[in-house]
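Numbering (our numbering), first residue to last: 382 to 450.
Each remark here refers to the structure printed beneath this line.
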């Protein structure tokens, strides 16, 4: 499974403009991170996803953070 996850994260990292990607479980435990994504932020990102899911329970939330930095 880990190899498959890494393969998916590599695919995401190859997209234009992507500089980091983080994958976590439902409890906020970081499963993998690539690029500038820091695994220490996994809990915060999971919390954002849980709140986003409350807005539309019928879809899976995707969190995209943008920065000029």
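Glycine included, C-beta positions come from ideal geometry on N, C-alpha and C.
Given the structure is predicted, the values throughout are model-derived calculations rather than measurements.
(request) Let me know if residue 425 comes out buried or exposed under the rule of 16 or more other beta-carbons within 10 Å of its beta-carbon. (result) Answer is exposed; the Cβ neighbour count stays below 16.
(message) Using the three-state DSSP reduction, which class does residue 411 fall into: helix, strand or coil?
(response) Three-state DSSP puts residue 411 in a strand.
(request) Classify residue 390 as buried or exposed, calling it buried when 16 or more other Cβ atoms lie within 10 Å of its own Cβ. (result) By the neighbour-count rule (16 or more Cβ atoms within 10 Å), residue 390 is buried.
(request) Can you say whether residue 385 is buried or exposed, counting buried as having 16 or more other CB atoms within 10 angstroms of its CB? (result) Burial check for residue 385: the Cβ neighbour count within 10 Å stays below 16, so the residue is exposed.
(request) Decide if residue 451 is buried, meaning its Cβ has at least 16 other Cβ atoms within 10 Å, or exposed. (result) No statement about residue 451 is possible, as the shown extent of the chain runs from 382 to 450 and does not include it.
(request) Using a threshold of 8 Å, state whether the C-beta atoms of residue 430 and residue 442 are closer than that. (result) The answer is yes: Cβ separation under 8 Å.
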